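Asks: If you use mature numbering (1 follows the signal peptide of the UniProt record, and there is no 0), the sequence shown corresponds to residues -17 to -1, 1 to 704, in order.
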Amino acid sequence: MKILRFVWLTLLAVSLAGCNSGGSDDQSTPVSGDAVVLLSTPVLTDDGTLSVEFTVKNANGEAMTLTSDPSFGLMKLIQRPDNPNQGATTLNKTMWKSFTYRERDGTTTPYVETTSNLETLAPGQYRHTFSFDVTSVVDPADSNNAVIPWDENLLHRITFEYRLESGDRLSEVIDWVPSGSVPPMTRNILDGSSCTDCHQDTGIKHGSRKDPRVCVACHNNSVPETSRRSLETIVHTVHGDIFELITEDENGDPVANDPTLASSYAFVDKPYPQDIRNCDTCHKAPVAGVTDDATNWMKQDYDSCQTCHQVRDTLASGAGFSVHAGEAGSNWSAASCTSCHTEGNPDGLNVHDVHIGRLNKIQQASDMLSISIENARIESNNYVVDVKVELDGVGINSITALTPYLDINTNKTTPRVYLLLNWDNGSGPELSYGTTQLNMVTSDGTSDNCSPQGNGLFVCTQDISGYAKQPDANSKLTVSVAEVMLCADRRAGVLKACADLTNEKPDYIPWRVAAKNSKGAFDFGGIAISHALPVGADVESCTNCHKDFTIHETRHGATDLQQCVNCHNSERAAFYAGFPADLKYHVHSYHTFGSHRDGSPTYPGDSNNCEGCHTRDQYNLPNQQNARPSLATSNGEAKWFSAALVTCGACHVGIENEDGSQQALGDADVDTFPLDHMIRNGAVFAADTAEEATGTEQCASCHAVGMLKGVDSVHNVYDYR
């Protein structure tokens, strides 16, 4: 990681050396293409020799010369046993059975052939011949050393992979039936978009590999007893399992290495940036001719299920959390899993219903609560909001009717129903955390701020006379809702009293759901207008990874950027020294360096790909949607930092510490590169007022889109299109 950042800073230094324009600012730089490979139908001779011809062309469509050997895998599609070590195949599940293996340390595992018998037929045209008799491969999973049958009527696959000079992988597969007949079964479950929606076009593992069709050449169930796990097991584990086996506890005392004991596990993290029950994020709807088998995930599969439930349900306890609390790994057998959770089971136990179905149910429960912003206005130094609250279509006359269903958010002591009060004078929200919230629920479960008017209507009042900033006649008032966490019966789809639901693992609470956000915008006198607080990201890009936008669902009940920007804006410093709370710093910093810049980012794509999160008109310089300076602490005092410095400094400013963490902006050394370069070109570091940090940056002179050293060029955004 340190080497990578050093290279990145070096490239930045070179980029800053010249500023001549490379063209206009219309992002007209040519889009780079990709090399392509085309595999022809393989040919099998009578002696078991299998060969395949292929053509390789570069991004310009020209014949490409290979400078090293590609790798090739060979497999066939067979029916898979219903459960481990059982021969029955009643569930019609499939698996890839490899013909190519590698032996290492006495263990034989699926692999690819890397010692290539490669012939050059013409420029860019080649033939690979497998080095063994494909009809006589001994099955390493068979104790009797039986030969893997070559069945010419089954679907077979050859995988191709070649490492380009850039380090990227050129991958392709060809699926064919040797007899030429229609395959009796296929396994087209995912296409590349299932991965690239989050991982973009970035290699995920093993040196930039990124094609799941090729991954299965090594990661399949051909030899289930080995540690070479199947792709479905690996992917489900990495995305869904938030626990790991440990050998000692947090005090350093040894613990039993027993997978059936809760004490043998430690909470790690939630690596998946949305609810793990969103199976359809990866398992999309079938596309004819592409992913015809996309619904295969609904077939019960013990190996995939246990990646999450082996641990989670071993630890789980408490009513409403798991019907198998403390049983997984000890009392369950593979057969019992697959006998209950059968595909299409009408009683709600099928795989679809216990995942997506449960999410649909808690969303259905959330819909029972309706909070609507009827009006907002300024009256005699008071911010007044009319709010209508209904439960199951009936207006409530006291907030106490709602409080039984309000969950206490993490690190909070009382339930909350926040109205986020703000106004926009033309450049963004004027209030931030600490001044924007009006809580409809007080510590005794009632509300001193809101008076009931009948039929669910409440008039809520916030005294803003002491605020440093005041709205004027041209201000646009905005109101959102936040911190409304509800308890739901995830089977019945109705709200349920939180006291009837308990859970010992607050890191994963499957019955908690955020209330729908309600928004309203009004002029100073209370006339409804169309207005939204400006944000600098593409919401659709966010939801590709953060489906339903539940990033802060367990803390703030936030599912909408309009909620986020009320607190995370330029008008306050973060709780952490040196950090601006502004989204333009917070999001860049978090995705690049991890929480609190601790050096452990979880962003699955390349952080230099601006278009992974932004539209083409959002990342130009000067700042487009968020052009104000931002507050952060510096030497313990709240100071102002100019806009581009905050945005770019989230990644490019701050020395890396020995533990891999990164200095925050306010703690950075002004004499280090590139901060000193930014300051020499108009950036303002630690000013006393926002006015001093406004209007002096000259970054766009060199780094506007279309310039020789424009943000589009130095971040290589065209490589990702």
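Ideal Cβ placement from N, Cα and C applies to all residues, glycine included. Just so we're clear, the structure is a prediction, and the values are computed from it rather than from any experiment.
Leaving out five residues before and five after Asp650 in sequence, what residues of the same chain have Cβ atoms less than 6 Å from its Cβ?
Replies: Gly561
Asks: Who are the Cβ neighbours of Cys323 in its own chain at under 6 Å, not counting the five residues just before and after it?
Replies: Correct list, in chain order: Leu332.
Asks: Shortest alpha-carbon distance to Thr383 belongs to which of Met423, Ser363, Gly411?
Replies: Met423
Asks: Under a Cβ-count criterion, where at least 16 other Cβ atoms within 10 Å of its own Cβ denotes burial, should Lys452 be classed as buried or exposed?
Replies: The residue in question, Lys452, is exposed, as its Cβ has fewer than 16 Cβ neighbours within 10 Å.
Asks: Per DSSP, Gly437 forms a beta bridge with which residues?
Replies: Bridge partners of Gly437: Leu440.
Asks: Quick one: using the 10 Å Cβ neighbour count with 16 as the cut-off for buried, is Ala239 buried or exposed?
Replies: Residue burial is scored here from C-beta neighbours: Ala239 has fewer than 16 other C-beta atoms within 10 angstroms and is therefore classed as exposed.
Asks: Rounded to whole angstroms, what's the CA-CA distance from Gly378 to Leu478? Just pull it up for me.
Replies: 16 Å
Asks: Please list, in chain order, all residues of the same chain as Val467 whose beta carbon is under 6 Å from its beta carbon, the five residues on each side excluded.
Replies: Val400, Ala498, Gly540
Asks: Check whether the Cβ of Pro254 sits closer than 7 Å to any heavy atom of the ligand GTP, and report yes or no.
Replies: You won't find the ligand GTP in this model; it holds no ligand whatsoever.
Asks: For Ile447, name the three-state secondary structure that DSSP assigns.
Replies: coil
Asks: Could you tell me the distance, in whole angstroms, from the CA atom of Cys181 to the CA atom of Asp151?
Replies: 18 Å
Asks: For the alpha helix (DSSP H) containing Pro93, name the first residue and the last one.
Replies: Pro93 -> not in any alpha helix (DSSP H); beta strand (DSSP E) instead, spanning 90 to 93.
Asks: Between Pro161 and His139, what straight-line distance do the alpha-carbon atoms span, to the nearest angstrom?
Replies: 8 Å
Asks: Keeping to the same chain, check which residues put their C-beta closer than 8 Å to that of Thr91; ignore five residues upstream and five downstream.
Replies: Exclusion of the five residues before and after Thr91 leaves Tyr84, Arg85, Pro123, Val206, Thr209 as the residues of its chain whose Cβ lies within less than 8 Å of its Cβ.
Asks: Should Ser349 go down as buried or exposed, given a rule of 16 or more other Cβ atoms within 10 Å for buried?
Replies: buried
Asks: Assign Gly632 to one of two classes, buried (16 or more other C-beta atoms within 10 Å of its C-beta) or exposed (fewer than that).
Replies: buried
Asks: How would you call Ser448, buried or exposed, if buried means at least 16 neighbouring beta carbons within 10 angstroms?
Replies: exposed
Asks: DSSP state of His139, grouped into three classes?
Replies: strand
Asks: Taking just the CA atoms, how far does Cys525 sit from Cys682?
Replies: 27 Å
Asks: Can you check which of these residues, Thr396, Val667, Leu27, is closest to Ala615 by C-alpha distance?
Replies: Val667
Asks: Could you give the first and the last residue of the continuous alpha helix (DSSP H) run that contains His338?
Replies: Here His338 belongs to no alpha helix (DSSP H), and DSSP marks it neither H nor E.
Asks: Does DSSP put Phe115 in a helix, a strand or coil?
Replies: coil
Asks: Among residues of its own chain, excluding the 5 on either side of Tyr450, which ones have a beta-carbon nearer than 7 Å to its beta-carbon?
Replies: Thr418
Asks: Assign Asp9 to one of two classes, buried (16 or more other C-beta atoms within 10 Å of its C-beta) or exposed (fewer than that).
Replies: Bear in mind that the predicted position of Asp9 carries a pLDDT of just 42, short of 50, making it unreliable; the figure below should be weighed with that in mind. Asp9 comes out exposed.
Asks: Which complete beta strand (DSSP E) runs does the region 581 to 654 hold, if anything under 3 residues is left out?
Replies: 613 to 617, 620 to 624
Asks: Here's a check: name, in chain order, each residue in its chain whose Cβ is nearer than 7 Å to the Cβ of Phe532, leaving out the five neighbours to either side.
Replies: Contacts found: Cys525, Thr526, Thr542, Asp543.
Asks: Where does the unbroken alpha helix (DSSP H) through Asn527 begin, and where does it stop?
Replies: 522 to 528
Asks: Please return the same chain residues whose Cβ sits closer than 7 Å to the Cβ of Ala627, not counting the five positions on each side in sequence.
Replies: Leu604, Pro605, Asn606, Ala666, Glu680, Cys682
Asks: Determine whether the beta carbon atoms of Lys80 and Ile141 lie at a separation below 8 Å.
Replies: By the CB criterion at 8 Å, Lys80 and Ile141 fall outside the cutoff.
Asks: Based on Cα-Cα distance, which residue from Asn432, Tyr109, Gly89 lies nearest to Ser34?
Replies: Tyr109
Asks: Taking the Cβ atom as the reference point for each residue, do His222 and Arg211 lie within a distance shorter than 8 Å?
Replies: no
Asks: Which of helix, strand or coil does DSSP assign to Trp133?
Replies: coil
Asks: Just verifying my parser: in three-state terms, what is the DSSP assignment at Gln453?
Replies: coil
Asks: Could you spell out the range, first to last residue, of the alpha helix (DSSP H) harbouring Val218?
Replies: 214 to 223
Asks: Kindly identify the DSSP beta-bridge partner or partners of Pro563.
Replies: In the DSSP output, where bridge partners are listed per residue, Pro563 has Ala556.
Asks: Are Gln445 and Lys502 touching if we call contact CB-CB under 8 Å?
Replies: no
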